[in-house]
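A short write-up of the structure that comes next.
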Amino acid sequence: MADQSRMTAFFSRLWRRGLLLVCLLLTTQARSADILLTAAEDGAGVQAFAQALARQRPEDHVTFTPLKNMPTPNQLPAATRLILLDLPGLDWRLQDSQGPPTLVLRISRLQARQRLGTTHPAKISLLWSDPPLERQLHLIAQILPQARRIGVLYGTDSEFLLPELTRYAAPIGLEIVPQRWDNINDSRPLQNLFKNSDVLLGLDDPQLYNPKTVKNLLLSSYAQQLPLVGPNAGFVKAGSLASTYSDQTDWLDVLDRLLDHSPANWPRSLYPEHFKVVGNPQVARSLGIEQVDESDVAARLAEGEKRP
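Numbering (mature numbering (1 follows the signal peptide of the UniProt record, and there is no 0)) for the sequence shown: -32 to -1, 1 to 276.
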C-alpha cells in the first residue's frame, strides 16, 4: 500500500508539473508577437537596429524586410506589429488605410506636417525624432540661466511650432523672439534677431539649418557672442553650443515598452522618455560660457520632467 501511495503521489506531482509547463508554453505563445521592420535603406545601421530589437525581445518573432520587397500594407496580417524606419516607409504605409498597427520612427514634427497636414491616420503612431521644444527650453534655462529672450528663426514650414514654443516659454520666465527667414542668402533677419535676443534656439527645420547655412549662422553667432542651442545633436558637432537628443538605446527602450502593450493602447505620437545632452566644449570656451556638464544637466532635466 505504501509503495502504491508513493507511486500515486509521484504521478500526481508529474502531472502538475506537466500542466504547469503547458500553461507556461501557452502563455509564452500568447505573448509572442510578429514584429516586422522595414525601410527603403538597407544599410548596416538599419540591420544593427533590427538585430538589437530582436535580442531585446527574444520571445517575439522580429524580422526586417526591405521596403522594395514589401507587399501592399493591406496584404500584411492584421496581427503584425509594423515598424517603419524611414520616411519612404511612411509614404508606402499611407497608401492603404487597411494596414496593420504601425510605429513610425525617425520622423520630425515638421516632416509629419508636410506629409499629413493636421490629420492623423488611424493605426499609425508617430515617434518624434526632433528634440521636444519644451525640453530644449529647459536646457537653455539650465545652461544659460541669465538668458531671457530666446531668438527663434522660422520659415513657412516651421511657423506652426511658434504658438507651442510661446506656451512652454512663459511659465519658466522666457520670452520667444521670432524672426522669419525666407531668404537664406539675406543675413539681415539674422542680424535683427541677434540684436534682440540673448540666445538662439534652432528649430529642426532643414530649410533653415543645413550645410548651406551653417557657416553663416555659426560665424554670425560667434561675432555677436550669441550661443546657438540645437537644433539637433548633429548641429552641435558643427558648432552650436548644446542640444538634447535620444540615441538608439533610448529608442529601443521606447519600442520595448510599447510592444509590451496592445496596439490599441499605443499613443498617437510620442517623444522618447529617455534622452541625453551633448555639448560642444570648444564653442563654450570661445563664447566665454561654462562648459556643459552633459550627464549632470541631463539628470536635472529628467528629474524636472518627472515632477508634476
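Here a beta-carbon is modelled for each residue, glycine too, at the ideal position from N, C-alpha and C.
Source: prediction; values computed, not measured.
Assuming contact is defined by CB atoms lying nearer than 7 Å, are residue i and residue j in contact in what I supplied?
i	j	result
Leu161	Gln147	yes
Ser97	Leu71	no
Pro34	Leu50	no
Val197	Leu223	no
Tyr136	Leu101	yes
Ala18	Leu4	no
Ile108	Val167	yes
Ser214	Val204	no
Val30	Leu21	yes
Gly247	Glu271	no
Leu73	Leu55	no
Asp173	Leu78	yes
Leu171	Ser237	no
Ala206	Val245	no
Pro121	Trp149	The displayed chain sequence assigns Leu, not Pro, to residue 121. Going by C-beta atoms, Leu121 is nearer than 7 Å to Trp149.
Val251	Ile111	no
Val14	Ala7	yes
His106	Leu269	yes
Looking at the structure shown, is residue i part of a helix, part of a strand, or coil, going by DSSP?
i	result
Val30	strand
Ser254	helix
Gly198	coil
Val245	strand
Tyr136	helix
Leu44	coil
Arg275	coil
Leu62	coil
Ser263	helix
Thr(-6)	Residue placement at Thr(-6) is flagged as unreliable, the pLDDT there being 40, under the threshold of 50; a coordinate-derived value is accordingly withheld.
Asn233	helix
Output the boundary residues of the beta strand (DSSP E) element that contains residue i.
i	result
Ile144	Glu143 to Arg148
Ile118	Arg117 to Tyr122
Thr70	Thr70 to Ile75
Leu94	Ile92 to Trp96
Ala210	Ala210 to Tyr213
Arg49	Arg49 to Leu52
Could you check the C-alpha separation between residue i and residue j for me, to the nearest Å?
i	j	result
Pro157	Leu220	40 Å
Ala267	Thr40	44 Å
Ser208	Pro195	7 Å
Tyr239	Asp218	10 Å
Leu62	Arg23	29 Å
Ala191	Leu185	10 Å
Glu27	Pro99	32 Å
Gly11	Asn37	15 Å
Pro131	Thr87	18 Å
Val265	Gln193	22 Å
Leu58	Glu143	36 Å
Ala115	Ser165	8 Å
Ile118	Tyr177	17 Å
Lys274	Asn153	42 Å
Ile75	Asn42	23 Å
Leu95	Asp64	20 Å
Ser230	Gly202	34 Å
Ser254	Pro199	19 Å
Ala80	Pro113	33 Å
Arg25	Gln66	26 Å
Lys91	Glu241	21 Å
Gln216	Pro89	26 Å
Gly123	Ser188	19 Å
Glu258	Ile140	21 Å
Arg134	Lys163	Before going on, a small fix: residue 134 reads as Thr here, not Arg. Cα-Cα distance, rounded: 20 Å.
Asn233	Ser(-1)	17 Å
Ala138	Ser155	28 Å
Pro179	Arg103	25 Å
Trp60	Pro235	21 Å
Start and end of the alpha helix (DSSP H) containing residue i?
i	result
Ala7	Ala7 -> not in any alpha helix (DSSP H); beta strand (DSSP E) instead, spanning Asp2 to Ala7.
Ile111	Leu101 to Ile111
Asp221	Gln216 to Leu227
Gln19	Ala12 to Gln24
Please decide whether residue i counts as near chain C, where near means a Cβ-Cβ distance under 7 Å.
i	result
Ser237	Absent here is chain C; the protein component of the structure consists of one chain.
**Report entry** Segments of 3+ residues assigned as beta strand (DSSP E) that fall wholly inside the region 151 to 194
**Finding:** 167 to 169
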